[in-house]
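Peer 1:
In the working numbering, the protein residues as written are 848 to 961.
What follows is the structure in structure tokens.
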């Protein structure tokens, strides 16, 4: 488990957590309460700031692409990736993910047996 998981807001992925900025989170929380005419511009401003922060992180500053590896430095399996995606999936997507997990597990079992 990632040591920062205990401090992470519910619903945030590792990627979102790396990009989170409390000021932007406050702005996001305020958007529904703004006049409709201001919601669009503030939403675009927040997304622009997140995009800029993402570009900064991957440009060799605070984080490299390797910094987003799941739970340590091991190479994640396809099943681990699917399990990480499942909490964010809707019912149809969750069914598809579970089907893919089962196929991958069967494939791994066949490879190990044979």
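Quick reminder that beta carbons are idealized off the backbone N, C-alpha and C, glycines included.
Quick check on the DSSP output: the alpha helix (DSSP H) that includes residue 878 runs from which residue to which?
Peer 2: Neither: residue 878 is in no alpha helix (DSSP H) and is coded neither H nor E.
Peer 1: So, using beta-carbon positions, are residue 901 and residue 871 closer together than 8 Å?
Peer 2: With respect to the 8 Å criterion, residue 901 and residue 871 are not classified as neighbours on the basis of their beta carbons.
Peer 1: CA-CA distance, residue 887 and residue 897?
Peer 2: Taking the straight line from one Cα to the other gives about 15 Å.
Peer 1: Under the three-state reduction of DSSP, which class applies to residue 922: helix, strand or coil?
Peer 2: Of the three classes helix, strand and coil, the one that applies to residue 922 here is coil, per DSSP.
Peer 1: Would you give the residue range spanned by the alpha helix (DSSP H) that residue 863 belongs to?
Peer 2: It spans 861 to 866 - the alpha helix (DSSP H) in which residue 863 sits, taken as one unbroken run.
Peer 1: Are the Cβ atoms of residue 922 and residue 952 separated by less than 8 Å?
Peer 2: The beta carbons of residue 922 and residue 952 sit no closer together than 8 Å.
Peer 1: Determine the closest residue to residue 924 out of 948, 942, 941, 906, with distance taken between C-alpha atoms.
Peer 2: 948
Peer 1: For my contact list, residue 874 and residue 889 are in at a C-beta cut-off of 8 Å; report their separation, rounded to the angstrom.
Peer 2: That belief holds up - the Cβ atoms of residue 874 and residue 889 are roughly 6 Å apart, short of 8 Å.
Peer 1: Does DSSP put residue 906 in a helix, a strand or coil?
Peer 2: coil
Peer 1: Can you tell me which of the three DSSP states residue 960 falls into?
Peer 2: helix
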